[in-house]
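S.K.: Sharing a structure below in structure tokens format, with a few things to ask.
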Amino acid sequence: MARELVDDVHWIRNCHPDDGRHLHMSEYLLRDGTDTILVDSGSSHYREEIVSEVNRLTDGAGPDVVLLTHSTLPHTENVPAFEDEWGETETIAATGRFPEVVGLPDAEVRQLNQPVEFAGRPFTCIHPLLTDVTVSQWAYDHESGVLFTAEAFGHYHDAESCGQMSAEMEGGIPTEHIDDFYMDKLPFVDFLDREKLGDAFEMLFDILDVTYVAPIHGTPVAAEDIDDYVDDVMQALDPQSVDS
1005 MARELVDDVH WIRNCHPDDG RHLHMSEYLL RDGTDTILVD SGSSHYREEI
1055 VSEVNRLTDG AGPDVVLLTH STLPHTENVP AFEDEWGETE TIAATGRFPE
1105 VVGLPDAEVR QLNQPVEFAG RPFTCIHPLL TDVTVSQWAY DHESGVLFTA
1155 EAFGHYHDAE SCGQMSAEME GGIPTEHIDD FYMDKLPFVD FLDREKLGDA
1205 FEMLFDILDV TYVAPIHGTP VAAEDIDDYV DDVMQALDPQ SVDS
């Protein structure tokens, strides 16, 4: 079920049927020696599969840190079950205050746009450029160069593409799968300033040396495919393209 993106970063992938198409419900596990970080806890629907895969990858030790990109389901709902399975873990909420309001009374609040360490590993958590709710964060792992982007960079996929990375999909990620995902899951995009968003994307990828963009609901996007994906997103956000 898991695939390695780069050294020590594993994509734990589950696939969910969604109106005739498929949608990834993913978590990511970073393993450095005996220290383990799990990005998002995943849906309770796939809890057994996630626990089994984390046990396999960590020799039964489980994660030291659960880093949440969202404070909503399905990103958070396995946190209590994980503590029952592996004991107390450090949970990093995607909110800057009052994590108890979103059902995470023991979680630490996020720290955005400054260097932090989780299990001794350097990260920068970033205010997301695209998201479905304000209580969310992106996270950049400085060691691997992987950027975890929650809802952003998501897309649907066909059944035969389950588990494929962007470079393995013949013809790349279909533009209509990106368009439909954004229209369905991030409906506020009609109100975005496309020019500002495009400039923000360009600045972000100029600053960060990204090896993979790792969304929760999409295929990991390799560095060489990022520009094409961003172009497709900007096209999806163009009202004229939607109207046509």
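Here the sequence shown is numbered in our numbering, starting from 1005 and rising by one per residue.
Beta carbons: idealized from backbone N, C-alpha and C, even for Gly.
All figures in this text were calculated on a predicted structure; none of them were measured in a lab.
Which two residues bound the contiguous beta strand (DSSP E) that contains Met1029?
M.R.: 1025 to 1036
S.K.: Consult DSSP for Glu1094 and reduce its assignment to one of helix, strand or coil.
M.R.: strand
S.K.: Can Ser1170 and Asp1229 be called in contact, C-beta distance under 8 Å?
M.R.: Note that the C-beta distance between Ser1170 and Asp1229 is below 8 Å.
S.K.: Straight-line CA distance for Ser1048 to Leu1196?
M.R.: 33 Å
S.K.: Per DSSP, Arg1017 forms a beta bridge with which residues?
M.R.: Ser1030
S.K.: Taking only heavy atoms of the ligand SAH into account, decide whether any of them is closer than 7 Å to the Cβ of Arg1051.
M.R.: Looking for the ligand SAH in the displayed structure turns up nothing, as the structure carries no ligands at all.
S.K.: Can you give the Cα-Cα distance for Val1013 and Arg1125, rounded to whole angstroms?
M.R.: 12 Å
S.K.: Could one say the Cβ of Pro1084 lies closer than 8 Å to chain C's Cβ atoms, at least one of them?
M.R.: Absent here is chain C; the protein component of the structure consists of one chain.
S.K.: Mapping DSSP to helix, strand and coil, what is Arg1007?
M.R.: Note: Arg1007 maps to strand in three-state DSSP.
S.K.: Do you know offhand how far Thr1099's Cα is from Phe1086's?
M.R.: Going from the Cα of Thr1099 to the Cα of Phe1086 covers about 20 Å.
S.K.: Suppose you measure from the CA of His1159 to the CA of Gln1239; what does that come to, to the nearest Å?
M.R.: Counting only the Cα atoms, Gln1239 lies some 14 Å from His1159.
S.K.: By Cβ distance below 6 Å, which residues in the same chain neighbour Val1069 in space, the five residues on each side in sequence not counted?
M.R.: Ile1041, Glu1094, Phe1122, Ala1123
S.K.: Tell me the DSSP bridge mates of Tyr1144?
M.R.: Thr1128, Leu1151
S.K.: Excluding the 5 residues flanking Val1106 on each side, which residues of the same chain have their C-beta closer than 8 Å to its C-beta?
M.R.: Ser1075, Thr1076, Thr1080, Ala1097, Thr1099, Val1139
S.K.: Mind checking which residues open and close the alpha helix (DSSP H) that includes Ala1240?
M.R.: 1230 to 1240
S.K.: Here's the rule I'm using: 16 or more other beta-carbon atoms within 10 Å means buried, otherwise exposed. How should Ser1248 be labelled?
M.R.: Interpretation of Ser1248 is limited by its pLDDT of 47, a score under 50 that renders its predicted location unreliable; no figure is taken from the coordinates.
S.K.: Looking at Leu1034: is its Cβ nearer than 8 Å to the Cβ of Val1058?
M.R.: no
S.K.: Just list the alpha helix (DSSP H) runs in the region 1149 to 1198, keeping only unbroken ones of 4 residues or longer that don't cross its boundaries, in chain order.
M.R.: 1179 to 1189
S.K.: Relative to the alpha-carbon of Gly1176, which residue among Gly1222, Asp1213, Lys1200, Lys1189 has its alpha-carbon at the smallest distance?
M.R.: Gly1222
S.K.: Any idea what DSSP makes of Glu1087, helix, strand or coil?
M.R.: helix
S.K.: Using 8 Å as the cut-off, can you tell me whether the region 1198 to 1207 makes contact with the region 1139 to 1159, which would need three or more C-beta pairs spanning the two stretches below that distance?
M.R.: no
S.K.: My understanding is that Val1214 touches Phe1157, with C-beta atoms under 8 Å, so please give their C-beta distance in whole angstroms.
M.R.: That pair is no contact at about 11 Å.
S.K.: Would you check if the distance between the CB atom of Met1005 and the CB atom of Pro1078 is smaller than 8 Å?
M.R.: no
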